[in-house]
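When the letters of the sequence shown are read in order and numbered with the working numbering, they come out as residues -7 to 324. Every residue, glycine too, gets a C-beta built ideally from N, C-alpha and C. The structure displayed is predicted, hence computed values, not measured ones. Everything on this sheet refers to the single structure shown next.
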Amino acid sequence: MRYAVIGAGSWGTTVASLIAPRVPTTIWSRSERVAREITDQLRNERYLKGFDLSPELVATHDLFEAVQDATVIVMGVPSHGYRDVLLEMADVVPHDIPILSLAKGIEAGTLMRMTEVTMDVLPDHRPSIVGVLTGPNLAREVMAGQPAATVVAMEDADVAAAIQDVFKTSRFRVYTNPDVVGSEIAGAVKNVMAIAAGMAAGRGFGDNTLASLITRALVEMTRLGVATGGDARTFAGLAGLGDLVATCSSSQSRNHQVGYGLGEGRALDDIVAEMKMVAEGVKSTRGVLALAARHGVEMPIAEKVGAVLYDKVDAGQALHELMTREARSEYE
């Protein structure tokens, strides 16, 4: 076996370093400087400052070198660049190689999940071996060896179990499930909700607000996930509630950081300009709202996040509008 991890951001690098001691692993970076730093210094200071990487990890700036002879491909590029990178390597990707996405987003325009993008670019690929790894996985905590759990969602149970064996450690517990649709929808929606949670924190609100927000966010996430074909059980699991709690609660979350700045009254462009890494929710909120409209799903929290992001509505005003919506049953 040989794994190719495509993308050397914080999570891609973490995943590559995690599995390199157990299986030969090559990580591809678009930046030649980052690839050289990983090779020469076992560091990625741009995205994982202060952490030593596995000495078994091999890095390259050559996409074809990374993919050549790989038996599993892990796609660690953001959703907005996923298609372009996959197109670059499409001619050398065998149709029977497992492809695992790490991205949590919706492609602009097409409204495709990343596994759908994969099948769109590679139409002859086996869909049952295209999946996603997702859960409450903050990169720096996983790199530090803190206990965490994740899920590999893939239709082919045998392939999912083989990937599970590679990823699992005594500090990183890995589950499997067959619900690719629900797992990907959960990952995309939680980024939107993390922006909302950040806005609440930026306004100075506390635990009651956060708990209320997470609870109602889970309702919206489940509504959209089930409407698009996901399993309701997924949203009570690691891909759903688990990731939602972690991302909405942690200042390490890039989406939470964006929301916090918006809650303080800062301009979105200024917040994004200061960030070294991509906050998926900034781009994905529009796609999530479009999917909700397509399926007739009500998502009031997501709608207000979109209003703040794209229509320059004040975060305080958005909160007021949420809190003064018409009263109704909790079960609606």
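Separation of residue j from residue i, as counted between CA atoms
| i | j | result |
| --- | --- | --- |
| Val166 | Met67 | 18 Å |
| Gly198 | Ser241 | 11 Å |
| Phe56 | Val77 | 11 Å |
| Ala149 | Ile89 | 15 Å |
| Asn200 | Tyr302 | 27 Å |
| Glu24 | Ala203 | 43 Å |
| Arg28 | Ser243 | 30 Å |
| Ala180 | Asp54 | 29 Å |
| Ile98 | Leu130 | 20 Å |
| Leu49 | Gly194 | 39 Å |
| Val305 | Tyr74 | 30 Å |
| Ile11 | Asn36 | 16 Å |
| Arg278 | Pro70 | 16 Å |
| Gly101 | Glu176 | 17 Å |
Proximity below 8 Å, CB of residue i to CB of residue j
| i | j | result |
| --- | --- | --- |
| Leu236 | Val289 | no |
| Phe164 | Ala140 | yes |
| Leu281 | Ala294 | yes |
| Ile30 | Val(-3) | no |
| Gly308 | Gly234 | no |
| Thr52 | Arg(-6) | no |
| Arg246 | Met267 | yes |
| Gly174 | Asp223 | yes |
| Arg143 | Ala265 | Per the sequence presented here, residue 143 reads as Val, with Arg not at that position. No. Outside cutoff. |
| Leu34 | Thr5 | no |
| Ile187 | Val250 | yes |
| Leu283 | Leu103 | yes |
| Met106 | Ser93 | yes |
| Ala192 | Asn169 | no |
| His352 | Ala219 | There is no way to answer for residue 352, as the model of the chain reaches only from -7 to 324. |
| Ala299 | Ala285 | no |
| Ala178 | Thr226 | yes |
| Val26 | Val59 | no |
Delimiting residues of the alpha helix (DSSP H) encompassing residue i
| i | result |
| --- | --- |
| Asn247 | Arg246 to Gly255 |
| Ala141 | That residue, Ala141, is in no alpha helix (DSSP H); its beta strand (DSSP E) goes Ala140 to Ala145. |
| Thr220 | Element bounds for Thr220: n/a, residue is neither H nor E. |
| Ser321 | It is not in any alpha helix (DSSP H) - Ser321 carries neither H nor E in the DSSP assignment. |
| Val7 | Ser2 to Ile11 |
| Gly73 | Ser71 to Met81 |
| Thr18 | No alpha helix (DSSP H) holds Thr18; the beta strand (DSSP E) holding it covers Thr17 to Trp20. |
Closest by C-alpha distance to residue i, when choosing among the options
| i | options | result |
| --- | --- | --- |
| Leu210 | Gly198, Gly221, Gly196 and Val184 | Val184 |
| Ile65 | Gly42, Thr239 and Val15 | Val15 |
| Gly42 | Val26, Ala228, His312 and Ala136 | Ala136 |
| Pro115 | Lys96, Ala259 and Pro86 | Pro86 |
| Thr161 | Glu176, Ile206 and Gln138 | Gln138 |
| Pro47 | Ile263, Val84, Ser9 and Leu79 | Ser9 |
| Ile206 | Ser321, Pro119, Ala238 and Val7 | Ala238 |
Continuous beta strand (DSSP E) stretch holding residue i: start and end
| i | result |
| --- | --- |
| Leu103 | From DSSP, Leu103 is part of no beta strand (DSSP E); its letter is neither H nor E. |
| Gly308 | That residue, Gly308, is in no beta strand (DSSP E); its alpha helix (DSSP H) goes Ala307 to Met315. |
| Ala(-4) | Tyr(-5) to Ile(-2) |
| Val122 | Val122 to Thr126 |
| Ser243 | No beta strand (DSSP E) holds Ser243; DSSP gives it neither H nor E. |
Beta carbon proximity, residue i to chain B, threshold 8 Å
| i | result |
| --- | --- |
| Ala82 | No chain B appears in the structure shown, which is made up of a single protein chain. |
Residue i Cβ short of 7 Å to the ligand NAP heavy atom set
| i | result |
| --- | --- |
| Gly101 | The ligand NAP is absent from the structure shown, which contains no ligands of any kind. |
query = What residue ranges within the stretch 29 to 67 form continuous alpha helix (DSSP H) runs of no fewer than 4 residues, ordered along the chain?
reply = Correct list: 55 to 59.
request  = Return the chain-ordered ranges of every beta strand (DSSP E) run that is complete within the stretch 137 to 187 and spans a minimum of 3 residues.
outcome  = Qualifying beta strand (DSSP E) stretches, in chain order: 140 to 145 and 164 to 169.
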